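> Quick note on numbering: the sequence shown equals residues 553 to 842 in the working numbering. No residue lacks a Cβ here, since even glycine has one placed at the ideal position from N, Cα and C. None of the values given here were measured: they were computed from a predicted structure.
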Amino acid sequence: MEYQGICHKMHAGLQDVSVTDQQTHKANVEYKFILDRTKIDLPFVLGQEIELEWSGNIYCVSCGQKTPKSYSQGHCFKCFKTKASCDMCIMKPETCHYHLGTCREEQFAQEVCFQPHIVYLANSSALKVGITRLGQMPTRWLDQGATQALPIMQVGSRRLSGQLEVMFGAEVADKTDWRKLLKGEAPPLDLITVRDQLLDDFAPQIAMIRDEFSMSLDFNEGLEILEHERPREFIYPVAAYPEKIKSHNLDKTPKIRGKLQGIKGQYLILDNGVINIRKYTGYELCIRSE
Ligand SMILES: [Zn+2]
Numbered sequence: 553m554e555y556q557g558i559c560h561k562m563h564a565g566l567q568d569v570s571v572t573d574q575q576t577h578k579a580n581v582e583y584k585f586i587l588d589r590t591k592i593d594l595p596f597v598l599g600q601e602i603e604l605e606w607s608g609n610i611y612c613v614s615c616g617q618k619t620p621k622s623y624s625q626g627h628c629f630k631c632f633k634t635k636a637s638c639d640m641c642i643m644k645p646e647t648c649h650y651h652l653g654t655c656r657e658e659q660f661a662q663e664v665c666f667q668p669h670i671v672y673l674a675n676s677s678a679l680k681v682g683i684t685r686l687g688q689m690p691t692r693w694l695d696q697g698a699t700q701a702l703p704i705m706q707v708g709s710r711r712l713s714g715q716l717e718v719m720f721g722a723e724v725a726d727k728t729d730w731r732k733l734l735k736g737e738a739p740p741l742d743l744i745t746v747r748d749q750l751l752d753d754f755a756p757q758i759a760m761i762r763d764e765f766s767m768s769l770d771f772n773e774g775l776e777i778l779e780h781e782r783p784r785e786f787i788y789p790v791a792a793y794p795e796k797i798k799s800h801n802l803d804k805t806p807k808i809r810g811k812l813q814g815i816k817g818q819y820l821i822l823d824n825g826v827i828n829i830r831k832y833t834g835y836e837l838c839i840r841s842e
């Protein structure tokens, strides 16, 4: 089978959701390639040969113009410099500058930043803290390759969630070590115990942040501690993890081919290297499988 189109990050969905004894929600992760913003029905069969070929063209995911280089995951230089979605505050939500009147796009701010956000704990390469929009669960966790996740707080804005993430960052990492992620499964964590301990440790700071934000506009939905959330567990389709991590790079080698050993996060694990599909957002690809 062969499909051609503009690459977007893979769609990850949950299948066979079950609730275990400890009320943990457990599910298998299932992937689909997205070309031209449409799911394609190329089967991801472990053990099968798969081929990816880049035509040499990149199209901006925002304006559709051809661009010689991809900026900020699939944007042309102009969009990279002007779109709110490419601003630094997207990477560092605590630096949201809307309240200073310098936001790049009002509509983006309303649709994305002033929406309910979740602060969560996850186990990707190890324990991490992160934030996401309410509607982006579980996508965000699956994109990160987390095997466990637990929402711990809900707040009314991206900036507030970012402040809390930075606060927890004093004790918990906010990054995933992708090499570690692709070398095996992180040992399971008791996220409920970790949550209770963190909420205890940070109680004075949380009260301070709540006070500080209660005076500001982006406190519309407050700051709620999610005491009753149960952990989620995700099982990725991985038959074998590589011993040594070698990355494929389509910019250097436009055509790659290998046996599919697994998929985790936005990575395909082939028998001869791994490839981060999200990195090639906007690239015109041809995907073939037997
Ligand atoms: Zn553009």
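Buried or exposed: N824, going by 16 or more other Cβ atoms within 10 Å of its Cβ?
Counting from one through the sequence shown, the residue named residue 824 turns up at place 272. Result: exposed.
> Can you tell me whether H560 is buried or exposed? The criterion is at least 16 other CB atoms within 10 Å of its CB, across all chains shown.
As a first step, residue 560 must be located in the sequence shown, where it is residue number 8. Label assigned to H560: buried.
> Using CA coordinates, which residue listed in D568, I704, S766, S637 is at the minimum distance from D748?
The residue you call residue 748 lines up with position 196 of the sequence shown. Here the closest residue by C-alpha is I704.
> Where does V664 sit, in a helix, a strand or coil, going by DSSP?
Taking the sequence shown and counting its residues from 1, the one referred to as residue 664 is at position 112. Three-state result, V664: helix.
> For E717, tell me which candidate among L750, F629, E658, Q625 has the shortest Cα-Cα distance.
Taking the first residue of the sequence shown as position 1, residue 717 is located at position 165. Looking at the Cα atoms, L750 is the closest of the given residues.
> Under 8 Å, do L673 and V664 count as touching if we go by C-beta distance?
To locate residue 673, count along the sequence shown from 1; it is residue 121. To locate residue 664, count along the sequence shown from 1; it is residue 112. No. Outside cutoff.
> Quick one: what's got a C-beta closer than 8 Å to R784's C-beta in the same chain, skipping five residues either side?
Position 232 of the sequence shown holds residue 784. Hits under 8 Å: T576, H577, K578, A579, P690, W693, Q700, A701, L702.
> Since K807 is in the beta strand (DSSP E), which residue starts that stretch and which ends it?
As a first step, residue 807 is located in the sequence shown; it is residue number 255 there, counting from the start. Counting along the chain, K807 sits inside the beta strand (DSSP E) bounded by residues 807–816.
> Should S766 be listed as close to ligand 1, given that the test is whether its C-beta is under 7 Å from any heavy atom?
Position 214 of the sequence shown, counted from the first residue, corresponds to residue 766. S766 Cβ: outside cutoff for every heavy atom of ligand 1.
> If you measure from each residue's Cβ to the nearest non-hydrogen atom of ligand 1, which ones come out under 6 Å, in chain order?
Any residue whose Cβ sits closer than 6 Å to a heavy atom of ligand 1 makes the list: C612, S614, C615, Q617, H627, C628, K630, C631.
> Do you know offhand how far G714's Cα is from I683's?
To locate residue 714, count along the sequence shown from 1; it is residue 162. To locate residue 683, count along the sequence shown from 1; it is residue 131. Each residue's Cα considered, the two are about 7 Å apart.
> For the alpha helix (DSSP H) containing L712, list its first residue and its last residue.
Mapped onto the sequence shown, residue 712 falls at position 160. Counting along the chain, the alpha helix (DSSP H) containing L712 begins and ends at 710–720.
> Can you tell me which of the three DSSP states V746 falls into?
If you number the sequence shown from 1, residue 746 lands on position 194. Helix, per DSSP.
> Among N675, R782, R840, G774, which has the Cα closest to the Cα of D573?
Here residue 573 refers to the residue found at position 21 when the sequence shown is read from its first residue. Ranking N675, R782, R840, G774 by Cα distance to D573 puts R782 first.
> Taking the continuous alpha helix (DSSP H) assigned at T691, which residues delimit it?
What you label residue 691 is simply residue 139 of the sequence shown in a count that begins at 1. That run of the alpha helix (DSSP H) goes 691–695.
> Using the three-state DSSP reduction, which class does C612 fall into: helix, strand or coil?
Against the sequence shown, residue 612 aligns to sequence position 60. Residue state, collapsed to three classes: coil.
> P740 to Q617, Cα distance in whole Å?
The residue given as residue 740 occupies position 188 in the sequence shown. The residue given as residue 617 occupies position 65 in the sequence shown. The alpha-carbon atoms of P740 and Q617 are separated by roughly 45 Å.
> Give the single residue among V597, L743, R589 whose Cα lies nearest to the Cα of V613.
Here residue 613 refers to the residue found at position 61 of the sequence shown. Nearest C-alpha to V613: R589.
> Could you check where the beta strand (DSSP E) with C838 kicks off and where it finishes?
If you number the sequence shown from 1, residue 838 lands on position 286. Run containing C838: 835–841, per the beta strand (DSSP E) assignment.
> In the DSSP output, which residue or residues are listed as bridge partners for A792?
The sequence position of residue 792 within the sequence shown is 240, counting from 1. Note: A792 sits in no beta bridge, so no partner.
> Can at least three beta-carbon pairs, one atom from the stretch 726–736 and one from the stretch 804–811, be found at a separation below 8 Å?
Verdict: no, contact absent.
> Where does P783 sit, in a helix, a strand or coil, going by DSSP?
Position 231 of the sequence shown, counted from the first residue, corresponds to residue 783. Three-state DSSP puts P783 in coil, outside helix and strand.
> Entirely within the stretch 566–645 and at least 3 residues each: give me those beta strand (DSSP E) ranges in chain order.
577–587, 601–610
> Grab the span of the beta strand (DSSP E) containing I821 for me, first residue to last.
In the sequence shown, residue 821 corresponds to position 269, counting from 1. Membership of I821 in the beta strand (DSSP E) is indicated by the continuous run 819–822.
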